Amino acid sequence: MTTPYQHDRSEEVSETSVGELIGNISNDLSQLFRQEVELAKAEVQQEAKKAGKAAGMLGGAGFAGYLAVLFLSLAAVFALDAVMPAGWAALIVAVVWGVVGGVLYLNGKKKLKNVDPMPRRTVDTLKEDAQWLKNPTG
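Sequential numbering from 556 applies to the sequence shown in the numbering used here.
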């Protein structure tokens, strides 16, 4: 059973030129692309909110860890104060933390030299896509 709408639509399609069909396809693809971009934006925004909350929690954990190290350092100073003058105890704890900081700095600097800021795989993929667009059959 055909409705009047279906019948009218088939006549409209049969009278449509190839150029109009290609134009319609182009418009549909453009609309689809815009919708995909909007969906991607929404997903990224949602994930960014989650990441922001997680970063806040990690920041709080980092601050709590900092305070724990600070008070443990003070406890070490007071413990050493029982066997030597307080000034020397504080100096020993400070030197230990200086050595730890120096080792962390040198290791971080060494690892930073291995970081490649260029997204190589993405660049290669984009080059392949550009080649395909230039020559889709080969």
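All residues carry an ideal CB built from backbone N, CA and C; glycine is no exception. Predicted model only: the values in this text are computed from it and were never measured.
If only complete runs of 3 or more residues are kept, the stretch 584–666 shows no beta strand (DSSP E) anywhere. DSSP places Val-678 in the helix class (H, G or I) of the three-state scheme.
When secondary structure is reduced to three states using DSSP, Lys-668 falls in the coil class, being assigned neither helix nor strand. Judged by beta-carbon spacing, Ser-628 lies within the 8 Å limit of Val-648, meaning their Cβ atoms are closer than that value. Annotated three-state conformation of Glu-683 is helix, per DSSP. In the three-state reduction of the DSSP assignment, Ser-581 falls in the helix class, which pools H, G and I.
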